[in-house]
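Below is one structure, written out as structure tokens; the observations come after it.
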Amino acid sequence: MTGYSIEVPGGAAESLRLRRHRTLTLRTLGPDANVAMLIYALDDPAERLNVPDTLKAQMSAHIKPPMTLMSDMGRALASVTASSLDWHDAITGHSLPAAVERRFGPSSYAADRNDWRRSARFGLLTELWKHGLGARDLHANINFFTKIAPAGDERGTLAFVPGHASEGDYVTLRAEIDLLIVLSTAPHPLEPAEAWTPAGVRLEIAEGPAPAADDPSRNWRAETARSLELAERSYA
Amino acid sequence: MSDEFVLDDIVEAGDGWIGEIPAGTLLRITDLHGNQAVDTLFYDALDYANRYSAMDTIREQGAVYLTTGSVLMTVNCDPLATIVADTCGRHDTLGGACSQESNVVRYGRHTRHQHSCRTTFVRKAKEWGRGLEKRDIAHNINFFMNVPVTEDGGLTFEDGVSAPGKYVELRAERDLLMLVSNCPQLNNPCNGYDPTAIRITGRRP
Ligand SMILES: [Zn+2]
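Order-wise, the sequence lines are chains B and P. According to the numbering used here, the first sequence is numbered sequentially starting from -19. According to the numbering used here, the second sequence is numbered sequentially starting from 36.
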């Protein structure tokens, strides 16, 4: 089997291994979806996505194709090869249990069964613990399908952009090394919706080719190309 | 921690500092010679997993830069420190720390053996002991560093907000562990291409 697809409902969490050069497409199943994602090198999870390194090397405060997602060791963990959106947030974190309860009221398994409201932190930690990781391994996550716009003013004021993603929006990542991916589909903490109605996503895993010489990521910025080169060297 | 807490240290260019700061301390970091990035991490002194989180801090204040009034938050949204005075006016949350590996990505292989902040962070953390290691080095504050984020989502390292003698003062909101790297980066304007010493002072109000 070289590919599969699964649906993750809104407000849930998931983890998966993604082998080198496989692609992972996230496709939204409703409006206002958010996928908070953490990424680790499968062979040594001390090496993980480093958002500041990713942003400063590629001179962008948001994630878009054909950027690479860089580890703290300079390797491209994945390339963003395609997306229906040109902006995915990486600078506003994810929801915490106390904030979800403050906003939406108390919720528990006993009262709500499997519709109980679980924050992104709850879900991410649940998945991290399964892999021998935990709170110390939390790093700045990407929020796929969310746009938080900077005002460009003196304070660097930020504002959530409503309606940024609709049903059917997608983003495709190509693993550049073997990865452990942990994600949550809980709503973004700045999403202004009155009710807890998080959209789910479909995860489509497929066999992909290695990045060719004319790959857009390799030919975008010298920094992006060097991150791909460092990833390739670990398999040389 | 002691009631007579007094701190007055000079940290040379490329050096680091690690130590505990009791709750209530007024902590001042002074850019002695101007244009010097001071890469800084804070931890809850009683629970190092409850550490400074750039992204929780940014979200809770609804803005990217730090200045007077900014509350530095942990990963659990507990307040670590509040900026109570700031003669510089803007400090970076997004640039992270330089490392030997990110220097290779940004500037090329010839920078592989240049000194970097993450080298200092990990060395100081291991010297401190008590279980601190690389996975505890999260995304730091860069005091005195100017990393403008534009409306179209661009991000660059620029020069020019700090000057000799500018300082930032923080009130510790709980007992803290502070880890500092006085940035040795030579490849961008964050240190004016000439890293220099800083001063760290702490007193009880
Ligand atoms: Zn540095």
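All residues carry an ideal CB built from backbone N, CA and C; glycine is no exception.
Per DSSP, the beta-bridge partners of glutamate -13 of chain B are B:Arg182. Contacts between tryptophan 67 of chain B and chain P, judged by CB atoms closer than 9 Å, involve Gly188 in chain order. The alpha-carbon separation between glycine 143 of chain B and leucine 221 of chain P amounts to approximately 43 Å. Per DSSP, methionine 213 of chain P is one residue of the beta strand (DSSP E) stretching across 211 to 217. Check the Cα spacing between glycine -9 of chain B and each of B:Pro191, B:Leu163 and B:Pro196: the tightest is with B:Leu163. Here tyrosine -16 of chain B is exposed. Its C-beta has fewer than 16 other C-beta atoms within 10 Å. When distances are taken from the beta-carbon of serine 88 of chain B to the heavy atoms of ligand 1, even the shortest one reaches 7 Å or more. Proximity of the region 52 to 60 of chain B to the region 129 to 136 of chain P meets the contact definition, three or more beta-carbon pairs being nearer than 8 Å.
In chain order, the residues with a C-beta atom nearer than 5 Å to some heavy atom of ligand 1 are P:Cys133, P:Cys152, P:Cys218 and P:Gln220. Sequence-distant partners of aspartate 44 of chain P (beyond 5 residues in either direction) whose C-beta falls short of 6 Å from its own C-beta, in its chain, are Ile235. Here aspartate 24 of chain B is exposed. Its C-beta has fewer than 16 other C-beta atoms within 10 Å. Assignment of proline 196 of chain B by DSSP, reduced to helix, strand and coil, places it in the coil class. In terms of Cα proximity to phenylalanine 179 of chain P, the closest of P:Ile172, P:Tyr228 and P:Val196 is P:Val196.
Exclusion of the five residues before and after glutamate 95 of chain P leaves Met108 as the residues of its chain whose Cβ lies within less than 6 Å of its Cβ.
Between the alpha carbons of arginine 83 of chain B and alanine 48 of chain P lies a distance of about 46 Å. Taken through DSSP and simplified to helix, strand or coil, histidine 68 of chain B comes out as strand. Within chain P, Val140 and Arg141 have C-beta atoms less than 7 Å from the C-beta of glutamate 203 of chain B, given in sequence order. Here glycine 114 of chain B is not near leucine 104 of chain B, since their CB atoms are 8 Å or more apart. Using a CB distance cut-off of 8 Å, aspartate 117 of chain B counts as an interface residue toward chain P. For valine 157 of chain P, the enclosing alpha helix (DSSP H) begins and ends at 152 to 163. Rounded to whole angstroms, glutamate 208 of chain P and glutamate -6 of chain B show a C-alpha spacing of 36 Å. Residue pairing by DSSP places threonine 8 of chain B opposite B:Val181 in a beta bridge.
For lysine 201 of chain P, same chain residues with a beta-carbon under 6 Å away, outside a window of 5 residues either side, are Asp66, Thr122 and Cys123 in chain order.
For aspartate 44 of chain P, the uninterrupted beta strand (DSSP E) segment begins and ends at 42 to 46. With contacts defined as CB atoms closer than 8 Å, leucine 6 of chain B and leucine 29 of chain B fail to qualify as a contacting pair. Residues of the region 151 to 174 of chain B with a C-beta less than 8 Å from any C-beta of chain P: Pro169 and Leu170, listed in chain order.
The beta carbon of threonine 126 of chain B sits closer than 6 Å to the beta carbons of Asn14, Asp69 and His168 from its chain, once the five residues preceding and following it are set aside; these are given in chain order. Secondary structure at lysine 201 of chain P: strand, using DSSP grouped into helix, strand and coil.
Non-local C-beta neighbours of proline 183 of chain P in its own chain, meaning closer than 7 Å and more than five positions away in sequence, comprise Thr191 and Glu193, ordered along the chain. Secondary structure of glycine 103 of chain B (DSSP, three-state): helix. Contacts between threonine 137 of chain B and chain P, judged by CB atoms closer than 9 Å, involve Gly97, Ala98 and Val99 in chain order.
Closest in alpha carbon position to aspartate 50 of chain P, among P:Val41, P:Gly143, P:Cys218 and P:Tyr142, is P:Cys218. As the crow flies, the alpha-carbon of lysine 161 of chain P is around 15 Å from that of glutamate 55 of chain P.
Contacts with chain P at 8 Å (Cβ-Cβ) do not include arginine 198 of chain B. Boundaries for arginine 234 of chain P: no alpha helix (DSSP H) harbours it, while the beta strand (DSSP E) harbouring it runs 233 to 238, taken from the DSSP string.
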